[in-house]
Each structure stands twice: as structure tokens, then as C-alpha cells.
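In this text, residue positions in the sequence shown follow my numbering: the first is 65, and each later residue adds one.
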Amino acid sequence: MSTTLIGFLLDVSGSMRDSLALKQTSSTTEKELTRAEYTIRKVLKICENEENRTKNDDIFILAFGLRGNNCCDLVQLLELVDPNKDRLPDPKRSLIEFLKANGAPYSEKYVTSYVQENQARFLCKVFASKPKEARLIANELPVQCRSGLASKATNTAGYFTSWKILRRFGLDPIQNSEKSLQYVAQLIRSFVKPGESPNSNVITKQQLEKLMDDIEPYTYDMTPMCRALKIAIDTFDRSSHTEKVLALVTDGDATDGDPTRFAAPLASRKIQVLTVLLTSNNIPFPRKLYFDLDPNWVPAHKKMFALSSAVDNTNSALSILLERGWELSPRGKNRLFVQANHPVIVDEFTAVLNQMFTRGSAVWNMFSRVSLGMYINSSKLELEPNDQIGGACYANAVAAALHLATRRVWGRSGGHPEFDDMLKQIVAEFGSDGAQTAMRRPIVARFSLSKRKKGQVNVRDQWDDFGEFFKKNPTGILKSKDIGNHNTGAYGGHAVLLVKCEPDGLVFMNSWGTGWADGGFFRVENADVLGLKFYDVFFLESDLKPEEIQAYKNKGVETLETLLARLPEHVKQLPYVCPLCKRSSPAASFNGGIVSVECPKCKKRFEPAPIGLMLG
């Protein structure tokens, strides 16, 4: 069974006190969230969305930037400061008695005057779990706490440093930090007092501020990002999860070294890394992903970019961003890195983590893209290059393209033709005279290279260079310099199938068998290297039979229902306003599919609009 371990590295250093939003809109009624407050809320939302979808995924949350012990398991910290857990009738008195029993009998004045009740409660929980360190802790306190004579002195300067000393002992080294998503969501919600919110799954601004007040004494220090990354890697190494994802949220550079040294270890462990850099600067294109580093970025931006993972544009999760107007890199891949100066940008980007579908058309496009994307990405296994016979390269390319196109017709009348059958039919009808025969056929890619004429000996041609390059470099990328300018006066055409665009070049499927080049596939830097001409193979809806159109719609509805079933229950109950009667009903009560739904109140049908625009 596939399981996922999601790791969060959350910056709680000094600068995270600042507001996340660049500017406050006039319509905002609540005080703006600090970056740290927003980050906690974001983690809760992700946990809640995921906890209703799966019972097999786990999470760990490392907070870095704490005072004293500068990196900790945030879940452990929340457990210790949880006011609803292990209540003490008089936390200060309990702390005084504990210190008295462990070498600090005169600590009452210190505790009474300088330790707040919530701090005393926290320390009692910590010390109860560390009995062996009790005397060591007491010895760190000022002499006034340990000596009766000193305790009568009027100078209390020593007291003011003691809280930091006590706090330094407050957190254990991070061990076994993995927790279920359900547990983490419930823990964060435990800070919500009963009756304070009509929905226990929603943490309000006031409740969030209360939570932050409880943990603030331990936060807002330096930025030990490197230590946090090292702990995260160790945590992933101890896990047996099949999928591993790490999200890093910060607003600045590390204060303990260069974090980019962890990029290679993360990549080698196949850990998908998303990085979010919070900033107050103006961002010209906030909804944009990059594959190439921008030389104008500041060092912190460049380092977060280097840590992030690269994914193909065909990755199904990126469909969510496309639906929201994001721009993807034209290089065919993107780094999972974003600069954000507003919560909306972070919300949209992190939706990739938990596939938060917000509109019918998004689900429809996701279904379409996954269908084609998964097939293209697996074509190397499912559609092996054939050994070409004679000059039938065009037939191989055409048959492959048509085969891929017909596979997209769900419920195709007569079934899906086999590749070999299509190849034989094309050769039988059009012959095997090579690429020249197929100049007006729907070939994906066609090119010509110089060849030797009959009778020419000791003459090198471009086909020699082409073949020799891939013999020596099966997985190499062919460039213009690798093809010599051999003018022999004759040219030979060839047809191949384009299967993928990568940042470094184009990937083609040849027809010379799997023993050639990279299992029958080869790479070219760009179209100019071979003078490629491209042809598209597609079908129109008007070409489909009625039963094929209906089969596709049925498949879409089936896919939509599967996806909607995985949504949290409170999302299904969100109010949705009918654009016709203007009345609100729970989203789950609308009947229909992706293209058309029926309002439960006015019984009229309409095309669903984005939920985000229609919520009441």
C-alpha cells in the first residue's frame, strides 16, 4: 500500500513576526496575520483536508528559530503548551515545589515575580518528563534561588536571565516525530475552546492568536535552517513510507550555513521538495513557476530555488495551478519554488500538496491531462519501438501517433486497434517508400540528412554522424556540432514520433528497435539540429460517434465522483449560490455532472462556475 510522509519545516525566527500580506485591503476586518500565524493555519488546513482522504499518511513538523533550543518538533511543543491537557490547579506552586525538591529551595520569589502561569504549566510538564535532569536544571538558576542569604539581596538582575535558562531545557532532541495527520489536526484544534466556534474544524483569528501567545515565548530567534534540514533528512531515513514530501516555509536566509548543500541528499532520496519564500517585496509575476534561476534574485531566493524539486509540466498536480492562471515554464519542467507576498499565493501553490479541487472544469481537465500524461510518460514501456523494415519509418510514426490518439477515445466503437495492426494497414495502403511518401500524412516529426550516393566510397555523410553519436552516447543529447556539414548531393528522409519535451531538448521514439540508442528513444537539443518539421494527429468531437461521446462523459462523471468522495465532509457542506435563483444550498446537494448541474431549490440546470466565486 502506498503511504506518504509529509514533512514541514517552518521558520519561526524573529522576522516571522511581520505580516504576510504586502498591503492590507480596506475590506479586511481582522488584524493581519503574522507570517508565523498564517503558517500554523496553513498546516492545519492541509492536515484537515488530508485526514478525511486517507488514514495511511503521516506528518512531521519541525519549527526552527526557537530561543535556546533553536529547532524542535512543533507537535511536541504544542503538546507541552496545550492548556487543555494535564491541567494543574496551581502551576506556579507546583513549579516552586519541584525546584525546592531539586536544589533550589529559595525559588519562590523568582517564580512568583518572573514566571507567568502558562510558562509555569509548561515547565512543570517538561520537568515531569525529565527527572534525571532536575538537579542540573536547578543548578542553572541564579544563586538567589539556591542560597538563603543570596535570596535576601535586593539586586534581582540574576532573575531576568533565568527564564531563558529554564527554557533551554524545555525541549527534547527530536525523535520519533512522525504523527498521523488526524492527530496533528486534532491537537491544533484542541486550542479552540468549546463553544467558541460554531465549527470545531475552523480555527478563528482570535483562537490562532491564543495559540501563538502560548508558543511565542519559545519563538522568534535566529534561523538555523541547515540544522532543520539535517533533522528532516534523518527523519525521512528512518521512515518506510513509499512517498516523501518536504515543504519548507521561510522568509529569509539561514544563519547556520549554506542550505543548498542539502539539495543533493534530498534529491538522491527522491524526496519531493516544495519551497515557499515569504517576502514583503513587490513581485511582478506572483503566479509563475520557473525552471531556470533568475540572476537578479537575491541570495536567499536563489538558495530556496536550488533546494526545490523539478517536476514535468505534465505532472497532474500542476493542473490545479494552470486552472488558477499560473504560468508554467516553457522549458517543460518547473521548480516547486514560489515567492509570495500574500496568503492567496501561498494557498494556491500549496494546493499542489493535497489536490484541493475547487471547480468542475478543474476536475475535468485534470482527468484529461492525467489520461494523456500518464500514457505518454509510460509509453516507453507500453509502446516499444519496432524494428523498422525497409523504408517504413513513416508508417511507424503515423501508427504510433494514431494509436496514442485513439487511446484517448473512451468507449471507442469497435475497441482500440492494436499498434501492429495499424502499422500493417498503413504499409499495405501507402507502401514502404520512406518519409518522402508521407509528406502529406499526419507524421509527428520528419527530417532529412545527407547520404552517400551510389558508388561513393570513403565519403562521410550526416547519417554516419547521427548513428555514431547515439552509438557512443545512447542517452546523449544531439547538438548541431555533432552533425557535420557533409554535402554529398543526396538526402535521405526519416520520420519519428515526438513523445516528450524536456528542458534540455526533445525526446523522440525511433523505429529501429529497442537495441538502438536509449531503448529505441533519442534526444535532440532543439528542432533546428535536424531541421525538424512537425505534424499533429488529433480528432474533433464531430469525428466521434454518439456512443463514444457519451462514454467519455460517463468516464468524466465517474472520475469526478471519485474525486469528490475524497473531499472533507465540511467542504461538501460549503454553501453554493445558484446563479439563477440566487439561493444558497450545500454544494453536495446539487445534482448533475461537470457540464451541467441542477439546483435543489429552483430545479433549473446551469453550468457550474468556480466555487471560489460563488460561495455564499
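Just so it is clear, CB atoms sit at the ideal spot from N, CA and C, and this is done for glycine as well.
All of these numbers come straight from a predicted model, not from anything done at the bench.
#1: With a threshold of 8 Å, are at least 3 pairs of Cβ atoms found where one atom belongs to the region 296-312 and the other to the region 352-364?
#2: Give me the Cα-Cα distance between Cys-645 and Cys-666, rounded to the nearest whole angstrom.
#3: May I have the straight-line CA-CA distance separating Arg-351 from Ser-303, to the nearest angstrom?
#4: Nearest to Gly-389 by alpha carbon, out of Val-375, Pro-407, Phe-349?
#5: Over what stretch of residues does the beta strand (DSSP E) that includes Phe-585 continue unbroken?
#6: Please list the terminal residues of the continuous beta strand (DSSP E) segment that includes Glu-172.
#7: Pair every Cβ in the region 334-344 with every Cβ in the region 398-405, then say whether three or more of these pairs are closer than 8 Å.
#8: Check the DSSP bridge columns for Gln-403 and list the partner residues they point to.
#9: One question on the structure: do Ala-292 and Ala-327 come within less than 7 Å of each other, judged by their Cβ atoms?
#10: One question on the structure: do Ser-158 and Cys-188 come within less than 7 Å of each other, judged by their Cβ atoms?
#11: How is Phe-128 classed by DSSP in three states: helix, strand or coil?
#12: Kindly indicate the opening and closing residues of the alpha helix (DSSP H) around Glu-307.
#13: Between the alpha carbons of Met-368 and Ser-649, how many angstroms are there, rounded?
#14: Does the beta-carbon distance from Val-588 to Asn-574 come in below 7 Å?
#15: According to DSSP, simplified to helix, strand and coil, what is Cys-681?
#16: Reducing DSSP to helix, strand and coil, say where Met-286 ends up.
#17: Can Ala-318 and Thr-287 be called in contact, C-beta distance under 7 Å?
#18: Please work out which residues of its chain come closer than 8 Å, Cβ to Cβ, to Glu-161, disregarding the five sequence neighbours upstream and downstream, and give them in chain order.
#19: Let me make sure I understand the geometry here. Which of Leu-330, Cys-290, Pro-155, Asn-182 has the alpha-carbon closest to that of Asp-301?
#20: In the DSSP assignment, find the alpha helix (DSSP H) that holds Val-207 and state where it starts and stops.
#21: In whole angstroms, what separates the C-alpha of Leu-385 from that of Val-375?
#22: Can you have a look at Gln-180 and say buried or exposed, based on whether 16 or more other CB atoms are within 10 angstroms of its CB?
#23: How many Å lie between Asp-322 and Cys-290 at the Cα?
#24: Report buried or exposed for Leu-74, applying the criterion of at least 16 other Cβ atoms within 10 angstroms of its Cβ.
#25: To the nearest angstrom, how far is the alpha carbon of Lys-668 from that of Glu-662?
#26: If we ignore side chains and look at the alpha-carbon of each, how far apart do Tyr-178 and Leu-138 end up?
#27: On the premise that Gly-129 lies in contact with Ser-77, defined as a C-beta separation below 8 Å, what is that separation, rounded to the nearest angstrom?
#28: Should Glu-412 go down as buried or exposed, given a rule of 16 or more other Cβ atoms within 10 Å for buried?
#29: Just curious, the alpha helix (DSSP H) that Ser-158 is in, first and last residue?
#30: Using the three-state DSSP reduction, which class does Pro-323 fall into: helix, strand or coil?
#31: Excluding the 5 residues preceding and the 5 following Ala-296 in the sequence, name in chain order all residues of the same chain whose CB lies nearer than 7 Å to its CB.
#32: Taking the alpha-carbon positions, what's the Ser-496 to Leu-596 distance?
#33: Using alpha carbons as the reference points, say which of Ile-335, Thr-343, Asp-154, Asn-537 lies closest to Ser-372.
#34: Report yes if the CB atom of Ser-544 is closer than 7 Å to the CB atom of Val-593, and no otherwise.
#35: Name the DSSP beta bridge partners of Gly-167, please?
The relevant details are as follows:
#1: no
#2: As a working note, residue 645 is residue 581 in the sequence shown. As a working note, residue 666 is residue 602 in the sequence shown. Roughly 6 Å between the two C-alpha positions.
#3: Indexing the sequence shown from 1 puts residue 351 at position 287. Indexing the sequence shown from 1 puts residue 303 at position 239. Arg-351 and Ser-303: Cα-Cα distance of roughly 34 Å.
#4: Taking the first residue of the sequence shown as 1, we reach residue 389 at position 325. Out of Val-375, Pro-407, Phe-349, Phe-349 has the C-alpha closest to the C-alpha of Gly-389.
#5: Stepping through the sequence shown from its first residue, residue 585 is reached at position 521. Taken as a continuous stretch (DSSP letters only), the beta strand (DSSP E) holding Phe-585 covers 585-588.
#6: Working through the sequence shown from its first residue, we reach residue 172 at position 108. Counting along the chain, Glu-172 falls outside any beta strand (DSSP E), though it belongs to the alpha helix (DSSP H) covering 172-178.
#7: yes
#8: Locating residue 403 in the sequence shown gives position 339, where the first residue counts as 1. Partner(s): Leu-341.
#9: The count along the sequence shown starts at 1 and reaches residue 292 at position 228. The count along the sequence shown starts at 1 and reaches residue 327 at position 263. Contact: no.
#10: Numbered from its first residue, the sequence shown carries residue 158 at position 94. Numbered from its first residue, the sequence shown carries residue 188 at position 124. Yes. Within cutoff.
#11: Position 64 of the sequence shown, counted from the first residue, corresponds to residue 128. DSSP places Phe-128 in strand when its eight states are reduced to three.
#12: Taking the first residue of the sequence shown as position 1, residue 307 is located at position 243. Here Glu-307 belongs to no alpha helix (DSSP H); instead the beta strand (DSSP E) covers 307-314.
#13: As a working mapping, residue 368 is identified with position 304 in the sequence shown. As a working mapping, residue 649 is identified with position 585 in the sequence shown. When rounded, the distance between both Cα atoms is 43 Å.
#14: Taking the sequence shown and counting its residues from 1, the one referred to as residue 588 is at position 524. Taking the sequence shown and counting its residues from 1, the one referred to as residue 574 is at position 510. No; because the gap between Cβ atoms is not below 7 Å, this pair is not in contact.
#15: Since the first residue of the chain shown is 65 and the last is 680, residue 681 is not available in this structure.
#16: Position 222 of the sequence shown, counting from 1, holds the residue named residue 286. In this structure, Met-286 counts as coil in the three-state DSSP scheme.
#17: In the sequence shown, residue 318 corresponds to position 254, counting from 1. In the sequence shown, residue 287 corresponds to position 223, counting from 1. For Ala-318 and Thr-287, yes; Cβs fall inside 7 Å.
#18: For this step, residue 161 is matched to residue 97 along the sequence shown. Excluding residues within five positions, none has a Cβ falling inside 8 Å.
#19: Start at 1 with the first residue of the sequence shown, and residue 301 comes out as number 237. Nearest C-alpha to Asp-301: Leu-330.
#20: Taking the sequence shown and counting its residues from 1, the one referred to as residue 207 is at position 143. That run of the alpha helix (DSSP H) goes 207-210.
#21: Counting from one through the sequence shown, the residue named residue 385 turns up at place 321. Counting from one through the sequence shown, the residue named residue 375 turns up at place 311. About 13 Å.
#22: Here residue 180 refers to the residue found at position 116 when the sequence shown is read from its first residue. Classification for Gln-180: exposed.
#23: Translated into the one-based positions of the sequence shown, residue 322 becomes position 258. Translated into the one-based positions of the sequence shown, residue 290 becomes position 226. Near 7 Å, if we compare the C-alpha coordinates of Cys-290 and Asp-322.
#24: Looking up residue 74 in the sequence shown gives position 10. It counts as buried.
#25: Translated into positions along the sequence shown, residue 668 becomes position 604. Translated into positions along the sequence shown, residue 662 becomes position 598. Their Cα atoms are separated by approximately 5 Å.
#26: Here residue 178 is taken as the residue at index 114 of the sequence shown, counted from 1. Here residue 138 is taken as the residue at index 74 of the sequence shown, counted from 1. Distance between the alpha carbons of Tyr-178 and Leu-138 is about 25 Å.
#27: Stepping through the sequence shown from its first residue, residue 77 is reached at position 13. Stepping through the sequence shown from its first residue, residue 129 is reached at position 65. Rounded, the Cβ-Cβ distance is 3 Å, consistent with contact.
#28: Residue mapping note: residue 412 aligns to position 348 of the sequence shown, counting from 1. Buried: at least 16 other Cβ atoms inside 10 Å.
#29: Counting from one through the sequence shown, the residue named residue 158 turns up at place 94. Ser-158 -> alpha helix (DSSP H) spans 155-164.
#30: Counting from 1 along the sequence shown, the entry for residue 323 is found at position 259. Pro-323: helix per DSSP, three-state reduction.
#31: Taking the first residue of the sequence shown as 1, we reach residue 296 at position 232. Once the five neighbours on either side are set aside, the close Cβ partners of Ala-296 are Gly-71, Leu-73, Leu-126, Leu-310.
#32: Taking the sequence shown and counting its residues from 1, the one referred to as residue 496 is at position 432. Taking the sequence shown and counting its residues from 1, the one referred to as residue 596 is at position 532. Note that Ser-496 has pLDDT 48, beneath the 50 cutoff, so the model's placement of it is unreliable and the number below is only indicative. Rounded to whole angstroms, Ser-496 to Leu-596 spans 21 Å at the Cα level.
#33: Position 308 of the sequence shown, counted from the first residue, corresponds to residue 372. Minimum Cα distance to Ser-372 is reached at Ile-335.
#34: For the purposes of this step, residue 544 is taken as the residue at position 480 of the sequence shown. For the purposes of this step, residue 593 is taken as the residue at position 529 of the sequence shown. Taking 7 Å as the Cβ cut-off, Ser-544 and Val-593 qualify as a contacting pair.
#35: For the purposes of this step, residue 167 is identified with residue 103 of the sequence shown, where counting begins at 1. Answer by DSSP bridge pairing: none, since Gly-167 is not bridged.
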